[in-house]
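Take a look at the structure below.
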Amino acid sequence: MSNAKDVLTRLNSIHTTDSNKNRPVVQHKICDPLVPAAANSIIGQCEYYYRPLHQEFVQKSGVSTMRAIITWAVPWNPWEELKVVKKLLVKRDKLIVAQSADGDWSRHASFMMRHISCNHRPPDYYVSYGYYYCSIYGEKLLPKLSPEGQLWLKSGRLFLQRNMEKGINDNMQGGKVSIPCKRYPNQTVSMDVAQFQLELNSDKFKEFAFSTHVPAYLDAGLADLSPIDLGLIGGQPNIEEWGDPATWKQAILSGTEVGKDKAQEGFNLVKNLFDKALNRLMEPFK
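Anchor point for the sequence shown: position 272 equals 257 in the working numbering, and the numbering is continuous, going up by one each time.
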């Protein structure tokens, strides 16, 4: 397999600026832990996490299970597809600046261009849970929801990615990451991560990203939705994902807050609806 240094050696001649066609000198090792802020225009879009430039991902993303995507994404080396690497290297300077508006920017692409030949890979969350789930929810869940539910889903994307930006920025400032839940302060998230290390540890990054979901869902207005929308949302995650403790924690915390807000309208109705959704999803594991 090709490593990043081999790729750079072969592609050195094409790494040019838009206006200058002379061959520049390209560093064979770049390792920049400073994560630039995303542009406001990309926050709330699935491409924020990843743009499906790699043909291998396009092929794999058609599989039927989330677990298969994760199994593939963890060891996947995005440097191995030379066509994509060439495309990104040519515009590297545009992909690593703060507030980049480049059409190929994503958290995944920016990471690649900041970590060349230093044995760091983008967090697999970007491709698997982030981009995959964002796309699946938009394709399969959004059309089924009421207008209010659709607004919640779109707002949820914004809150999720704003939370991610907040956490990343916190880690650039120090070793404490804090994600507030404005609507339910008791669901505020706080965790310790060594400064500059959040994006470099894929497992830690996944833990961080998962923990930001509950504040995002609640602040986006989950507790305001109708029982029908709640039922559709509760049944959306792939069945196999309920084997992950992080998914259970997310569901339980969200369900608790929904139950509180719906108490006046019938706590048992909402609680039973939520429980039925979880039981249906867990049936294959019983």
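Note that beta-carbon positions come from the ideal geometry of N, C-alpha and C, so glycine has one too.
- The alpha-carbon of M157 is positioned some 19 Å away from that of Y110.
- Segment contact: the stretch 106 to 123 against the stretch 19 to 31, three or more CB-CB distances shorter than 8 Å; contact assigned.
- Cβ contact annotation for T173 (same chain, cutoff 8 Å, sequence separation greater than five): S163, I164, P165, C166 and P200, in chain order.
- Contact between L138 and T197 is absent: CB atoms are separated by about 16 Å, not below the 8 Å threshold.
- Look at H100 here: in three-state DSSP terms it is strand.
- Separation of H93 and P108 (C-alpha to C-alpha, rounded to the nearest whole angstrom) is 8 Å.
- The three-state reading of DSSP puts C166 in coil, since its state is none of H, G, I, E or B.
- Within 10 angstroms of the beta-carbon of G159 lie fewer than 16 other beta-carbons, which makes it exposed.
- Rounded to the nearest whole angstrom, the CA to CA distance from D17 to M98 is 9 Å.
- Of the residues R147, L217 and V112, the one whose Cα lies closest to the Cα of W61 is V112.
- Residue ranges of uninterrupted alpha helix (DSSP H) with 4 or more members, entirely inside the stretch 130 to 216 and ordered along the chain, are 132 to 158, 187 to 196 and 198 to 204.
- The Cβ atoms of L217 and K129 lie closer than 8 Å to each other.
- Scanning its chain for C-beta atoms nearer than 6 Å, with the 5 sequence neighbours on each side dropped, one finds around L38 the residues V69, in chain order.
- In the DSSP annotation of this structure, the continuous segment of the alpha helix (DSSP H) that includes L74 starts and ends at L67 to V75.
- G219 sits buried, since 16 or more C-beta atoms from the chains shown fall within 10 Å of its C-beta.
- Listed in chain order, the alpha helix (DSSP H) runs fully inside the stretch 13 to 53 are 40 to 45, counting runs of at least 4 residues.
- Listed in chain order, the non-local C-beta contacts of M149 below 7 Å within the same chain comprise A194 and T197, local neighbours out to five positions each way being set aside.
- In this chain, the alpha helix (DSSP H) harbouring S120 covers Y118 to I121.
- One thing to note: L80 has its Cβ no nearer than 8 Å to the Cβ of S102.
- In the structure shown, V112 falls within a helical segment according to DSSP collapsed to helix, strand and coil.
- Using a Cβ distance threshold of 8 Å, V20 and I153 count as a contacting pair.
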